[in-house]
Every structure is written in structure tokens, then in C-alpha cells.
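Q:
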Amino acid sequence: MFFTSVIILLAANIANSYPRGAPERVCQTLFPRHSGAQAQTVKAPYRINVTPNNDSTEFKVSIVSNEGKNFKGFILQARSSSNPNLIVNGEFSAKALTKTIKCQSENDALTHNSAAEKSSISTIWKPKSKISPIRFNATIVRSKLEFWTDIISDEIILSNEYTGCGTSRNCFGLPRGCVNSRNCDLLLTAIFEQNIHVRFELFGKVSVAQWFAMGLSNDNLMGDDSVTECQVNEAGATLIRESWNIVVKESYSNVYVNANETVAQNLQTKSEDGFVKCAWKRDMNTQVKGSSFDLSNIFVLLAYGPFQERCLMVIVWFGLVGSAITLARDSKDVLKKKMVLGKPLWFILHSGIMISSIVFAIISMLSIIVHLRGFRMNSVHPYTGIATNIFMVLQLIGALLRCDPNSAYRWIFNWGHFLGGTIAHTLAIVTTFFATTLSAASLPSTFLYLLVIYVLIHISSHIFSQILTWLVKSNGSWQQSNQEVSISTLSMDVQPEIEKSNESPWKLAFIGFYIFVVLVLSFSMIVAIATIE
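If you use mature numbering (1 follows the signal peptide of the UniProt record, and there is no 0), the sequence shown corresponds to residues -17 to -1, 1 to 516, in order.
1. To the nearest angstrom, report how far apart residue 198 and residue 304 are at their CA atoms.
2. Tell me the start and end of each unbroken alpha helix (DSSP H) in the region 136 to 164 that is at least 4 residues and wholly inside, in chain order.
3. Buried or exposed: residue 134, going by 16 or more other Cβ atoms within 10 Å of its Cβ?
4. Let me check one thing: in DSSP terms, what residues is residue 33 bridge-paired to?
5. Let's test the definition: count the other Cβ atoms within 10 Å of the Cβ of residue 19 and tell me whether it reaches 16, buried, or not, exposed.
6. Below 8 Å on the Cβ atoms is my guess for residue 295 versus residue 343; work out the distance and round it to an integer in Å.
7. Tell me which same chain residues have a C-beta within less than 7 Å of the C-beta of residue 121, skipping the five on either side of it?
8. Go ahead and label residue 119 buried or exposed: buried means 16 or more other beta carbons lie within 10 angstroms of its beta carbon, across all protein chains shown.
9. Cβ of residue 438 within 8 Å of Cβ of residue 412?
10. CB residue 117 to CB residue 84, shorter than 8 Å?
11. Applying the criterion that 16 or more other CB atoms from any shown protein chain within 10 Å of the CB defines a buried residue, is residue 313 buried or exposed?
12. Starting from the Cα of residue 254, find the closest Cα among 189, 417, 345, 504 and give me that residue.
13. What are the uninterrupted segments assigned as alpha helix (DSSP H) that are 4 or more residues long and contained completely in the region 370 to 458, given in chain order?
14. Quick one: which unbroken beta strand (DSSP E) runs of 3-plus residues sit fully inside the region 228 to 310? Chain order, please.
15. Please classify residue 489 as buried or exposed, where buried requires at least 16 other C-beta atoms within 10 Å of its C-beta.
16. Would residue 403 and residue 368 qualify as a contact pair, given that the criterion is a beta-carbon distance under 8 Å?
17. Starting from residue 197 and walking both ways along the beta strand (DSSP E), at which residues does that stretch end?
18. So for residue 320, helix, strand or coil by DSSP?
19. Less than 8 Å between the beta carbons of residue 71 and residue 65, yes or no?
20. Rounded to whole angstroms, what's the CA-CA distance from residue 500 to residue 178? Just pull it up for me.
21. Less than 8 Å between the beta carbons of residue 454 and residue 493, yes or no?
22. Below 8 Å, can you find three or more Cβ-Cβ pairs linking the region 158 to 176 to the region 239 to 252?
23. Does the separation of the CB atoms of residue 206 and residue 238 fall below 8 Å?
24. Under 6 Å Cβ to Cβ from residue 260, same chain only, skipping five residues before and after it: list those, please.
25. DSSP on residue 490, reduced to helix/strand/coil?
26. So, residue 102 versus residue 44, is the Cβ gap smaller than 8 Å?
27. Tell me, which residues are paired with residue 108 by DSSP?
28. Going by beta carbon distance, what residues of the same chain come within less than 7 Å of residue 467, once the five residues before and after it are set aside?
29. With a threshold of 8 Å on Cβ separation, who are the neighbours of residue 164 within its own chain once the five nearest residues in sequence on each side are excluded?
30. Please name the residue in 25, 385, 503, 212 whose C-alpha comes closest to that of residue 228.
31. When the distance is taken between beta carbons, is residue 209 closer than 8 Å to residue 276?
32. Determine the burial state of residue 204: buried for a count of at least 16 other Cβ atoms within 10 Å of its Cβ, exposed for fewer.
33. Spatial neighbours of residue 376 within its chain, please: CB distance less than 8 Å, with the 5 preceding and 5 following residues excluded, ordered by chain position.
34. Rounding to the nearest angstrom, what Cα-Cα distance links residue 240 and residue 224 in this structure?
35. Alpha carbons only, please: which of 141, 400, 147 is nearest the one belonging to residue 308?
36. In the structure shown, what three-state DSSP assignment does residue 17 receive?
In C-alpha cells:
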């Protein structure tokens, strides 16, 4: 009988280690102190839902099961998104089967007060801090041996910008549906003041974009739109600029309006804690570029984006790849005696530049995917862009698997590597041309002119390189035949002189000049992108 009682007590202890709630000593780790137990590694069957109340000064927070699985214990906190170890000051309200505890301030954490099974819990959380954005973090326990940690809610922005949305002000945001969850990358609010003018406020996350824009249009299509942009420049300063969307033969571009054509008034900017805010007023009826805009009947267009990925692509395909191709093509002979770490110098330079290019290209593509929240295959540009990166990776794989230089099959690698590189570089240039027609890319006409100049220089340099190589070889053949005339009375040590003649200073100068020119062009393209931003 005693033995049976012990078993029953042990079983009860296993099922309910903390039946009255999580202790304060786990506030920082949120990890249950169940002896010998480890958190589950499979995806949690629970989620945290967060909904702001009508006045947007408090939030309804719920823990629910995705699969109808009950739970017995939990602990819930609000934490900073940028610093997950930082508990955000706020106050939970206790309801049935729950209670609040003090971690750093009163009622800043919520836990269970009973070991009874729960299908869900809900609470109201009121922020008492300006730390933003935040996420709710929970640990949920089914039993002593089965629990999940780091169950995270969507990101929430604590901002007065959302106050009054749908009542005293009109609110628009990206991505779609973000206003209700107070989690917009871009938020535009509009307040009509005495039907004389409208006060606009544009609010955005610097972490996802460097420019945010509102376009006013008389239809729901791009083109002939009055645009107000909120920008963060390279120095971190925030500024407001006005521009005009143009469409010509289905090609979009954007130009800044002259100072005497601007219509925004009372400009205000602010940037802090990773967020940017631009505010301005605009009369109800204005005229820009000969078009009239009535704010009582208007279409609002929103856009935002970073430009780092575009700059990275320019650096990769026009600065680095062009230089690497030229080094491999033209410097084998002139640098064949120069060795670094037992490898020819030209090979070290070519390999290093190309590996850097692949890394930058992958980072650039991933940043675009993150920004767009997935693939958007709505034009030719993404297809050719993906194909370009595939060829680039295949080039690396082929180089790693290449056979010995003396192998009878080496010619297969040589031709394959040459064709793969040529196709990838050509696709990159074509993809960039396609990008100039995309409104989301916001590339200025100057960029297109620089792109054309690059193509002409690249083709011309290839032709000139072939001519220069022929001249160098012809000169070397003449020197060899000239020395053979007097070789009968001399030793055979003239061969090093013949090889040395291939180290043409003219060819080295040409390679250096080409790399300098393409780097200048790449920098000019980046300046053009930054200017339009």
C-alpha cells in the first residue's frame, strides 16, 4: 500500500510541477525547471494572437491551439523585437485560470493559477513603455515532460500613429491588412482639416526600406501621378521630396518636380528608434504638371523599398564580374610567372573576385525576396534574374569539380566554363535592362544611359584585347625568329627571354585601365540609384 501511494504521488508531481503558476525566478529564461526535461523541438501546436482594441491603447492577447490540444501551464511576456532579452514594461489583466506576476514591474507577466486543462486563454495588455516594436513570447506546458519554449507572436508596433484609424483619420498600410495588427512596414494616415487641406503622415520601418512614397492618381494605374517621398539618405537624415511618375510605352520612370511646382506645405520629419516619419499638408485641390488633383475623390498609391540590393547587383555584375572575366581572359600570359600561395596570381584574383560576387549576388537576391515577402513572377525580370544566379552557382560547382589541366577531357571544362560565364554575364546585363522598365525598381534614365555605355565599353574592350593579344604574339614570334638567326654560336638560354616578351606592359596597362573604367561606371550607376532615392 505504501509503495502504491509513492507511485501516485510521483505521477502527480510529474504532471503538475508548478500547479499555481510559473515562479518569478524563470522570468528571464521562460524555461520550466522540470528536472531532466527538455523543450520540444517539433513545431508548437499553439500560437499567440494579438489584436488592438478600438482605441489602440491596449491589446487583446490570446493563446490558442492550432490542433485542438489542451495545455496546463504557461508564462507570457512582451519583449523587444530588436533585443529579445529585454522585457517590455506593460500590464496584463488576469482572467479565469490566470494570474499576473512581477518580473521587472507589476503585472508584466501572465501565468496559470491552476493545473486544469485549458483550450485557450485571453488577456488584455496595456503598454507602459515606448519601446517598439515588440513581440509576445510564451512558454506553454502540456506536462512536465512535454513543453514548448519561444512561441512568438507577430511583430507589433507601439505607436500613436495608429490611434484613431478608421474613426478620426483614414489609414492605409503595407503589407495589406497590417493596420488592424498595427504591424505595418509603411503606414499612411490622412486627416481632413475643415475641407481646406489634408494632413498626411507617412510612417515606416527603416529596417525594411530607405524610401517610402505616397502617390496620388486620378485612376488606379501607374503613370501621371503626383508623388511625395519620405527618404532616409546615406547620412541617416530624413527628407521629403516631391516627384512625378511618367509612363511611356509601358516603361515607367520617376522625375523630381521643380521647386516652383511643389504642393506640400508645413514639412516635418522625424527619425528615431529605427522608424521614420514624414508629415505635410496639401490643399484639397492642387495642380501638378498640368493635371488637377481633387483629394475628395482620388486614388492613393503606396510604395516603399530599399536600394541596397540594386547597389549590390551593380557592384557584382558590372564591377566585379566584368573585372574577373577580363583577368581570366587577358592576364594568363602576362601574369603566368607571378605566384601567390603556390597558385598563379591571375587565378587567385579571378577566384577571389568571383566567390565574392556569388556571395553578394545571393545576399542581394535574398534581400529582394524578404522585401517582397516571396517571389513575384509578374515580369521577365525575375525569371532572367533567377537564371543568372543559377548559372553563377553552376559556374562555381563546375570550377570545384574541374579535371586536371593535363587531362584529355580538360577541353570540356574549358568550353563549359567559358560558355557558362558568358551566358551568365549576358543574362545579367539583359536582366538589368529589364529592370529599367519596372516601376518598383525606380531606376532613373541616367542609369539606362550608363548601362548602354558599359555594354559598349565591354564589347569594345573584348575586341581590342583580341587585337592586342595578336600584336603581342606577333611581336614575340618576330623576336623568336630574330634570335634564332644568331643562335648557332650561342647557348640555348634564350627561351626565358622569349617567354618574358609575353609579359607586355601594354596589356597590363589595358587590364588596369578596363578595371578602372568599369569600377567608375559601377560607382556612377550607384550614384544614379542613390540620387533617385
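Beta carbons: idealized from backbone N, C-alpha and C, even for Gly.
A: The relevant details are as follows:
1. 37 Å
2. 161 to 164
3. buried
4. 44
5. exposed
6. 5 Å
7. 31, 46, 57, 58, 59, 134
8. buried
9. yes
10. no
11. buried
12. 189
13. 393 to 418
14. 234 to 239, 248 to 255, 258 to 266, 268 to 271, 274 to 277, 282 to 288
15. exposed
16. no
17. 194 to 200
18. coil
19. no
20. 56 Å
21. no
22. no
23. no
24. 186, 253
25. helix
26. no
27. 42, 75
28. Low per-residue confidence applies at residue 467: pLDDT is 41, beneath 50, and the placement is therefore not dependable enough to give any value.
29. 33, 34, 35, 137, 139
30. 212
31. yes
32. exposed
33. 341
34. 9 Å
35. 400
36. coil
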